[in-house]
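Comments concern the structure below.
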Amino acid sequence: MPKGKHSYYPDSPSIRISKMDVIIPFSPDVPCDSNGQRMWWAFLASSMVTFFGGLFIILLWRTLKYLWTVCCHCNTKKKNAQRVHNPTSHGDGIKHTKETVAALSEVGWMTSVKDWAGVMISAQTLTGRVLVVLVFALSIGALVIYFIDSSDPIESCQNFYKDFTLQIDMAFNVFFLLYFGLRFIAANDKLWFWLEVNSVVDFFTVPPVFVSVYLNRSWLGLRFLRALRLIQFSEILQFLNILKTSNSIKLVNLCSIFISTWLTAAGFIHLVENSGDPWENFQNSQALSYWECVYLLMVTMSTVGYGDVYAKTTLGRLFMVFFILGGLAMFASYVPEIIELIGNRKKYGGSYSAVNGRKHIVVCGHITLESVSNFLKDFLHKDRDDVNVEIVFLHNISPNLELEALFKRHFTQVEFYQGSVLNPHDLARVKIESADACLILANKYCADPDAEDASNIMRVISIKNYHPKIRIITQMLQYHNKAHLLNIPSWNWKEGDDAICLAELKLGFIAQSCLAQGLSTMLANLFSMRSFIKIEEDTWQKYYLEGVANEMYTEYLSSAFVGLSFPTICELCYVKLKLLLIAIEYKSDIRESSTLINPGNHVKMQEGTLGFFIASDAKEVKRALFYCKACHDDITDPKRIKKCGCKRSKMSVYKRMMLACCFDCGHSECDCSCMSANVHHDSSTKDTLQQRGFPLSPVSLNDFSTTLSAFEEEQHSTLSPKKKQRNGNTRNSPNGSPKMMRHDPLLMPGNEQIENMDMNVKKYDSTGMFHWCQSKDIEKVILTRSEAAMTVLSGHVVVCIFGDAKSALVGLRNLVMPLRASNFHYHELKPIVFVGSLEYLKREWETLHNFPKVSILPGTPLSRADLRAVNINLCDMCVILSANQNNIDDASLQDKECILASLNIKSMQFDDSIGVLQANSQGFTPPGMDRSSPENSPLHGGLVRQASITTGANIPIITELVNDSNVQFLDQDDDDDPDTELYLTQPFACGTAFAVSVLDSLMSATYFNDNILTLIRTLVTGGATPELEGLLAEENALRGGYSTPQTLANRDRCRVAQLALYDGPFADLGDGGCYGDLFCKALKTYNMLCFGIYRLRDAHLNTQSHTSQCTKRYVITNPPYGFELVPSDLIFCLMQFDHNAGQSRASLSHSSHSSHSSSKKSSSVHSLTATNRTNRAKNRDSRDKQKKDMVYR
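Going by the numbering used here, the sequence shown opens with residue 6, and the numbers climb by one from there.
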């Protein structure tokens, strides 16, 4: 027996020593058995007995249950039949039924246990999810233990109490057994559960572990089946909410099935090859590691089959025969699909990582190569002062190769992410909550503008819903769609939200060109960042490009300007600082901040006033902030004006204000009556005067005294412009006095406007910004061709519009509104004649029926008869528009109608029997030169005779284009290359072509300075305000209003005009004079602010023969002081509204219309002499008679 004991216990010292030479890895003999007997069959039998035994019990139970059900069913039928034949048992039947229902309503304990087990193994609860994840993790742990044990012999003797891996594996399998029991209880169909893959895995892995403990030996066996648990990997990741998209779930599914099949098959080969065939007495085995088997299965599936490793056993080869069929199919289908899914994974699907100290903006919407390149070219321009902003593009379509290359060229400042702003997850990826702004680009060439606007509005809603405080700048195509933005609760234009309406600005630019030809080109160049291109040759391009290099900037004015009037500061900036100041931001405690363009003498600067400048570089504009009279007064080179360290005393500011006041009252500082009467006045008296609203002098002395007292109370602390907000808010004085002293001319005694107020007639809209009339039916404004020919049409605007009943509306109201601004007198309004399809114009008429002097000629702009009927050769401007441009796929054909119409007009010929023409196209006569009454004018100007227009090439035309490259077809005498940028072409430089693409620059300009958009909109729209937009959103039409001092005060605003140099008060400067002298003279004498020249193209050639000279003109923006003028120049200027131009001029101008068919229009005459003021009474008496002569009412 002792000997037998030693043979049973493998750890016996005697046995271990005597058998030491037998312990060889992968030996067919079993060292713990003296006979070398293998016990693999015991392990396999335990699994087989468990599987088939359980299967037999389930089938037996189902059979018995079926037989019982059949028998019970027969007995139930018999009892029911007896109950029908025995009605006496009715009472007992009712009692029995109630007991049955009560019994059925109670849930049995088996059902309760089943439900509890179902909850435990499901992933619907936290406990269930934890249990499922734990089972999967332990299964992977058991597989790892298998990998470790695979380096040992297939069958080896191990002591359970000393083998650590066997103990861990035992603990895992006990847990698997308990989990198997829960699954079995919760299963509805026990047979199907018994045949599941997970159940089969448990059958062949759990029982052998218990056999190992009993026999004190280990058999590697079928433990590799634990690899099949990897199939559930995607389910586990879904439970953990890691996998969310279908592609990621499918990818993980494919990979887990492929890997689990691969590892399981490798385990089987490892088992049979290291064991051998049983019928060969395990003599044909070979030593293969598990990882060599993995390698063998891979080369077998891929059909490579190097032959370095192969199966020797019959079982192994037989398995390989069947596996290669399924494995090859799986490899050929799964691997390409996995690679495709990985390849299709979003390349730009990461998240943005914000950099400390660096802002970022998000750009979305219409992201294409054209839109992105235009945006980046302007946004990252070198003229901007250190752009430390990172641009993050977000779009749901991955970029093409060209766009990707563009992003790579700007990789230091540009990043692209694939996603949608409508998805909050994607908004979180681009860190929209920390972005400085979000810019939304629109597709300007879409076929349905309303649909494009709707998509952009949805983007705004999504972004604002995610982060209400984010600043949004969006492009809109149609003006009426801007109203929908006002419905978004968090949309706030006061906080920087802006909608750039392309139709509004495009038509506004064109409308301003009707008033001053070429202005659209000048304004477009001002807010676009262009680099200076130097040309040595003396050509028109040299002067044009010098002006193109100018842009619009804003900067706070130095305290050295405090107390000075706007014209004084403007002259100082131009002469000394080489800067052109055109506007300031006005903000008071009573009203919202507003932009004042060339406000005139009645505005005095205060601390922290924001100025709008035209300059070539952002650094140049800093001179206005750094200027100090004490330090820089004797400096002649503006580049030397830097920030100085001196501290300006408060007394110097006080003294400058005193001098300014004395300048206005005309007395010296010592005997200044206004200072003595107001500075030392009692505060109660001042309040009384303010409350009663007494009319004050042109300078509000009350405001001066209030401001001076505020200065005396303040400490020596200046307001740093760098600390101001983006919108230019300035600190108010302690007593709430306004920062600008702006005074209504209506409050001045004797003003003619007060006498013109008629409370019973509505002449203007409710805001007082536009001329208004009662709505008219379209039939009343339709002209036939004969009626148009008989009507005296001169000095009018012809609008050629292509469109039909199905065309998208272009929004003609935006074209008419600037031409009906209230800062024109009624007799100065240019009549507007629309030539186009009546069906289309009927759709537009709803927004036009409240504007005066509007007519319609149904026809086509391609008909020369229609064009002659409207006297196109006598018009001030011909505008060519098309509503059909975006319905054509070929970009080169999008502008075919506009180009054909333009060429058609230019080729027309007219007879030379026109007569005397007033030179409206050659500019207006400045104040002081009264053409209608030369005897009252100190200049005795008289009418100007002009050669009549005999060819259509001399008709002023502006053509709207969609495709920039089509500009080459407009002028046949230019040398423009098709690849030339639009702003470098001759039609654009001359102001005869305008493309909506130039408005792209407004996006970046608005981001860096939202005041620029305000100024552009004020200049272009004729006075559209956010309040007016809210009104139009409510009614979609202008509402008439009675004239009040408040509404009439809105007429007092600047407008753009062109000043002629061939005659008048500036004729002496027109012949070789300096532009700077003209600038100063116009500013001092008439408060006119000059900002550019409209020059004949060949003026630099000094051509003496006027007949051969080209009549085309080009734009020169902000010429230098010493720029030489020629007599034919037209000067762009901002002129003040003249309250005294009145309707006294209407007599001559409108009688001129009736007596001279060639009259272009009545001139805008502005007389500032005292003689004209005394003659107002005479003019009023004949006013009613004069109105009867007017052609348009």
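Backbone N, C-alpha and C define an ideal beta-carbon position, used for all residues, glycine too.
Please classify residue i: is it buried, with 16 or more other beta-carbons within 10 angstroms of its beta-carbon, or exposed?
i    : result
H607 : buried
F380 : buried
G800 : buried
C995 : buried
M115 : exposed
Y311 : exposed
T990 : buried
S155 : buried
T318 : buried
H430 : exposed
I806 : buried
A337 : exposed
So, using beta-carbon positions, are residue i and residue j closer together than 7 Å?
i     : j     : result
I437  : V419  : no
C575  : L586  : yes
F537  : A554  : yes
S280  : F287  : yes
E844  : A874  : no
K1117 : R1100 : no
K487  : A504  : yes
M534  : D388  : yes
I963  : T997  : yes
K352  : V394  : no
F384  : F421  : no
I1121 : G523  : no
Between which residues of its own chain and residue i is the CB-CB distance below 6 Å, once the five residues before and five after are set aside?
i    : result
V314 : E297, L301
To which residues of the same chain is residue i closer than 7 Å at the C-beta, ignoring the five residues directly before and after it?
i    : result
T266 : M335
L220 : M44, A47
Y769 : F775, H776, W777, S827, G1046, S1048, T1052
V216 : A47, F48, S51
For the alpha helix (DSSP H) containing residue i, name the first residue and the last one.
i     : result
K413  : 406 to 414
V211  : 202 to 220
G841  : Here G841 belongs to no alpha helix (DSSP H); instead the beta strand (DSSP E) covers 837 to 841.
C260  : 251 to 280
A1087 : 1080 to 1091
P863  : No alpha helix (DSSP H) contains P863, which is instead part of the beta strand (DSSP E) from 859 to 863.
S376  : 374 to 384
In this structure, does DSSP put residue i in helix, strand or coil?
i     : result
Q977  : coil
L1064 : strand
L826  : Contrary to the premise, residue 826 reads as Ala rather than Leu in this sequence. DSSP places A826 in strand when its eight states are reduced to three.
G332  : helix
P700  : Low confidence applies to P700: its pLDDT is 32, below 50, so where it sits in the model is not reliable, and the reading given next is rough at best. Three-state DSSP puts P700 in coil, outside helix and strand.
G957  : helix
K609  : strand
L187  : helix
L987  : helix
H400  : strand
G370  : strand
Q923  : With a pLDDT of 38 at Q923, under the threshold of 50, the modelled position of this residue cannot be trusted; read the value that follows with caution. Note: Q923 maps to coil in three-state DSSP.
Apart from the five residues on each side of it in sequence, which residues of its chain come closer than 8 Å, Cβ to Cβ, to residue i?
i     : result
E1129 : G1077, G1078, C1079, Y1080
L905  : L867
T269  : F229, L230, A232, L233
S771  : L1036, L1043, R1044, G1045, G1046, T1052
L824  : A516, C519, L520, V802, L834, K835, I837, G1027
Hey, could you find the ends of the beta strand (DSSP E) residue i is sitting in?
i     : result
A1072 : From DSSP, A1072 is part of no beta strand (DSSP E) but of the alpha helix (DSSP H) over 1072 to 1075.
T600  : 599 to 602
C1095 : 1094 to 1101
K469  : Here K469 belongs to no beta strand (DSSP E); instead the alpha helix (DSSP H) covers 454 to 471.
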